[in-house]
Amino acid sequence: IFDTRKPLAVRDLKNSQTPYDEMFTRQGMISFLGAPLIAKDEVLGVLTLYGREEHDFTGEEVEFLSTVAGQAAIAIYNARLYEQTKKQAGDLLEQERIQRILKELSQDITKMDVDSLLEKLTSPIREVFNVDISDVRFLAGNKWANITIASQNLVQRLPEGGGSRGATDWVVKNRKLIAIEDYQERKEFTPGRVTYMFGVRGFLAAPLLAKNGEVIGVIRALCKEPRNFTAQEIDLFEQ
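Here this note's numbering = 1-based position in the sequence shown + 5.
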């Protein structure tokens, strides 16, 4: 039906040359009538009827099902169109939200002291990405400096710390973002102070690049439960 774009009536499935799904005959279905769902010259699917007795479908019955299928196809097509339009509107709103976030993050940052700047970077990220912890840290030689952590109802600073073989160091060395669904499953990375202290599992980190391309620090979004960050979330975080 899908390939021919035409209705099909079968009096007795078992004694027909027409291929069929044996599941229906196991359920006692004998006769069959189907019509294509066509809208805007596209076959969307097939509308089918089954009977438990042999039945010679009349021309009127075939025509009636075809009419119903045509109306159903138009309804399905319009529903799809509506969902597509709604999704496009949602995508537009999301893009506007992203631009608003980026604008808010960049606003007045050149006039802020370091503590205020770091708090402005971390607190909104925790809320926007719905994560448990957001932190930012800067490189000072071979150590991390100005480590600022935003967790629930608290923004705190950590003293300078040494490097490790964690995913944050991987970000610095490779100069690119990393997203990890479950940090505790990644045995190649040793947990640092923050990941150990909060029991971090979902892990997203991106390098902070100076105008000359130098990596000056790392910003992270962290969860206490495994988290599969979406491509859209990763793109926004990178921005």
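By construction, the Cβ of each residue, glycine as well, lies at the ideal position given by its N, Cα and C atoms. As the structure is a computational prediction, the values presented were derived from the model and not from experiment.
- For a cut-off of 8 angstroms, the C-beta gap from Ala-210 to Arg-232 is around 13 angstroms, too long to register as a contact.
- The Cβ atoms of Lys-45 and Thr-30 lie no closer than 8 angstroms to each other.
- For Val-220, the enclosing beta strand (DSSP E) has its first and last residue at 220-228.
- In this structure, DSSP gives Pro-231 a state outside helix and strand, which the three-state scheme calls coil.
- Minimum Cα-Cα distance from Gly-56 among the listed residues Thr-72, Leu-38, Ile-43, Val-67 corresponds to Leu-38.
- With contacts defined as CB atoms closer than 8 angstroms, Ala-155 and Asp-174 fail to qualify as a contacting pair.
- In this structure, DSSP gives Asp-140 an extended state, which the three-state scheme calls strand.
- Put simply, the backbone Cα of Ala-78 is about 43 angstroms away from that of Val-136.
- For the alpha helix (DSSP H) assignment, the uninterrupted runs of no fewer than 4 residues enclosed by the stretch 111-135 are, from N- to C-terminal side, 119-133.
- Spatial neighbours of His-60 in its own chain (CB-CB distance under 6 angstroms, excluding positions within 5 residues in sequence) are listed in chain order as Ser-36.
- Going by DSSP, Lys-178 is part of the alpha helix (DSSP H) stretching over 172-179.
- Here the stretch 196-203 makes no contact with the stretch 215-222; the two share fewer than three CB pairs at distances below 8 angstroms.
- The beta-bridge partner set that DSSP reports for Val-15 consists of Phe-37.
- The residues Thr-153, Ile-154, in chain order, have a CB closer than 8 angstroms to that of Gln-161 in the same chain once the five nearest residues on each side in sequence are set aside.
- Closest in C-alpha terms to Leu-49, from the list Leu-70, Ala-80, Arg-16, Pro-129, comes Ala-80.
- Shown here, Arg-162 sits in a strand according to DSSP, grouped into three states.
- Here Gly-197 is buried: its Cβ has 16 or more other Cβ atoms, across all protein chains shown, within 10 Å.
- Distance from Ala-145 to Glu-132 at the Cβ level is roughly 28 angstroms; contact not present, criterion being Cβ atoms closer than 8 angstroms.
- One thing to note: Ile-106 has its Cβ no nearer than 8 angstroms to the Cβ of Val-51.
- DSSP places Val-205 in the coil class of the three-state scheme, outside both helix and strand.
- Gly-64 sits exposed, since fewer than 16 C-beta atoms from the chains shown fall within 10 Å of its C-beta.
- If you check the CB distance, Arg-170 and Asp-187 do not come in under 8 angstroms.
- Per DSSP, reduced to three states, the secondary structure at Lys-108 is helical.
- For Ile-239, the enclosing alpha helix (DSSP H) starts and ends at 236-243.
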